[in-house]
Amino acid sequence: MSDNTNYGCKKWLIPDGHIPSQGTQKILGHEAICFVNSGEKDAEVKMTIYFEDKEPYRDIKLKVKAERSLHIWLSKPEMLGGAIIPIETPYSILVESSENIVVQHTRVDTRLGNMALLSVIAYPVM
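Right, here's the structure in full:
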(Lines of atoms letter the chains of each structure in order from A and count residues from 1; the text may use other names and numbers.)
(Lines give C-alpha, C1' and ligand atoms only; values in the text may rest on other atoms or scores of the structure.)
Protein backbone atom coordinates (compact mmCIF):
# COMPACT_ATOMS: atom_id res chain seq x y z
CA MET A 1 0.00 0.00 0.00
CA SER A 2 1.43 3.37 -1.01
CA ASP A 3 1.79 6.25 1.42
CA ASN A 4 1.99 8.73 -1.50
CA THR A 5 5.70 9.27 -0.83
CA ASN A 6 7.68 10.15 -3.91
CA TYR A 7 11.35 9.92 -2.89
CA GLY A 8 14.29 11.38 -4.78
CA CYS A 9 14.59 14.35 -7.07
CA LYS A 10 14.16 15.24 -10.75
CA LYS A 11 17.78 15.76 -11.87
CA TRP A 12 20.76 13.51 -11.24
CA LEU A 13 24.38 13.42 -12.45
CA ILE A 14 26.61 10.39 -12.87
CA PRO A 15 30.07 11.86 -13.43
CA ASP A 16 32.22 8.70 -13.67
CA GLY A 17 31.16 6.32 -16.40
CA HIS A 18 33.61 3.85 -17.94
CA ILE A 19 32.31 0.52 -19.27
CA PRO A 20 35.09 -2.03 -18.67
CA SER A 21 36.24 -4.48 -21.30
CA GLN A 22 35.42 -8.13 -20.71
CA GLY A 23 37.51 -10.09 -18.26
CA THR A 24 37.80 -13.80 -17.57
CA GLN A 25 34.81 -14.23 -15.24
CA LYS A 26 31.51 -15.86 -16.25
CA ILE A 27 29.64 -12.69 -15.33
CA LEU A 28 30.12 -9.95 -17.90
CA GLY A 29 31.79 -6.71 -16.93
CA HIS A 30 29.25 -3.94 -17.30
CA GLU A 31 27.73 -0.72 -16.01
CA ALA A 32 24.09 -0.31 -15.14
CA ILE A 33 21.65 2.27 -13.84
CA CYS A 34 18.80 1.48 -11.50
CA PHE A 35 15.91 3.94 -11.37
CA VAL A 36 13.34 3.78 -8.56
CA ASN A 37 10.00 5.55 -8.82
CA SER A 38 8.22 5.31 -5.46
CA GLY A 39 5.51 7.75 -6.55
CA GLU A 40 2.06 7.14 -7.98
CA LYS A 41 2.74 8.68 -11.44
CA ASP A 42 4.90 7.26 -14.23
CA ALA A 43 8.18 9.13 -14.64
CA GLU A 44 9.26 10.24 -18.11
CA VAL A 45 13.07 10.13 -18.00
CA LYS A 46 15.47 11.79 -20.41
CA MET A 47 19.20 11.08 -20.39
CA THR A 48 22.11 12.96 -21.94
CA ILE A 49 25.43 11.12 -22.24
CA TYR A 50 28.52 13.33 -22.30
CA PHE A 51 31.97 12.36 -23.62
CA GLU A 52 35.41 13.94 -23.39
CA ASP A 53 36.04 14.09 -27.13
CA LYS A 54 32.73 14.06 -29.01
CA GLU A 55 29.26 15.53 -28.99
CA PRO A 56 26.81 14.16 -26.42
CA TYR A 57 24.00 11.74 -27.09
CA ARG A 58 20.84 13.67 -26.24
CA ASP A 59 17.20 12.86 -25.55
CA ILE A 60 17.53 9.19 -24.66
CA LYS A 61 14.03 8.55 -23.34
CA LEU A 62 12.83 5.96 -20.83
CA LYS A 63 9.74 5.45 -18.74
CA VAL A 64 9.90 4.35 -15.11
CA LYS A 65 6.45 3.22 -14.17
CA ALA A 66 4.82 4.33 -10.92
CA GLU A 67 5.88 2.33 -7.86
CA ARG A 68 8.44 0.35 -9.91
CA SER A 69 12.14 0.08 -10.56
CA LEU A 70 13.91 -0.09 -13.91
CA HIS A 71 17.40 -1.51 -14.51
CA ILE A 72 19.31 -0.80 -17.71
CA TRP A 73 22.71 -2.00 -18.86
CA LEU A 74 24.66 0.84 -20.43
CA SER A 75 26.47 -1.58 -22.75
CA LYS A 76 23.19 -2.60 -24.40
CA PRO A 77 22.21 -0.08 -27.11
CA GLU A 78 18.67 -1.49 -27.25
CA MET A 79 18.18 -0.19 -23.70
CA LEU A 80 19.49 3.27 -24.71
CA GLY A 81 17.37 3.95 -27.77
CA GLY A 82 20.20 2.71 -30.01
CA ALA A 83 22.95 4.87 -28.46
CA ILE A 84 26.30 3.09 -28.24
CA ILE A 85 28.69 3.89 -25.41
CA PRO A 86 32.14 2.67 -26.50
CA ILE A 87 33.94 0.23 -24.19
CA GLU A 88 36.84 1.74 -22.17
CA THR A 89 35.66 5.29 -22.92
CA PRO A 90 35.03 7.84 -20.13
CA TYR A 91 31.55 9.34 -20.09
CA SER A 92 29.06 11.08 -17.79
CA ILE A 93 25.26 11.06 -17.68
CA LEU A 94 22.65 13.69 -16.86
CA VAL A 95 19.29 12.17 -15.87
CA GLU A 96 16.19 14.41 -16.00
CA SER A 97 12.81 13.14 -14.84
CA SER A 98 9.24 14.44 -14.86
CA GLU A 99 8.76 12.96 -11.36
CA ASN A 100 11.01 12.50 -8.34
CA ILE A 101 13.07 9.31 -8.70
CA VAL A 102 16.20 7.80 -7.17
CA VAL A 103 19.14 6.88 -9.43
CA GLN A 104 21.90 4.39 -8.64
CA HIS A 105 24.95 3.63 -10.81
CA THR A 106 26.76 0.27 -10.70
CA ARG A 107 29.97 -0.99 -12.33
CA VAL A 108 31.06 -4.64 -12.42
CA ASP A 109 34.70 -4.94 -13.51
CA THR A 110 36.08 -8.40 -14.29
CA ARG A 111 39.27 -7.36 -16.14
CA LEU A 112 41.85 -8.40 -13.53
CA GLY A 113 40.75 -11.97 -12.91
CA ASN A 114 38.71 -10.99 -9.86
CA MET A 115 35.41 -9.20 -9.81
CA ALA A 116 35.20 -5.63 -8.54
CA LEU A 117 31.83 -4.06 -7.81
CA LEU A 118 31.18 -0.33 -7.44
CA SER A 119 27.69 0.91 -6.71
CA VAL A 120 26.82 4.48 -5.76
CA ILE A 121 23.82 6.77 -5.65
CA ALA A 122 24.08 9.37 -8.41
CA TYR A 123 24.56 13.02 -7.45
CA PRO A 124 21.14 14.64 -6.87
CA VAL A 125 21.08 18.01 -8.65
CA MET A 126 17.55 19.07 -7.68
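Numbers 337 to 462, taken from this note's numbering, label the letters of the sequence shown in order. Positions of the beta carbon are idealized from the N, C-alpha and C atoms, including for glycine.
Worksheet item: Straight-line CA distance for S433 to S411?
Response: 22 Å
Fill in: As assigned by DSSP and simplified to three states, the class of E391
coil
Worksheet item: Excluding five sequence neighbours on each side, which residues of the same chain lie with their C-beta closer than 6 Å to the C-beta of I420?
Response: P413
Worksheet entry | Beta carbon of A368 nearer than 8 Å to that of T442 | yes
Item to complete: From the DSSP output, in three-state form, read off E435 for me.
Response: strand
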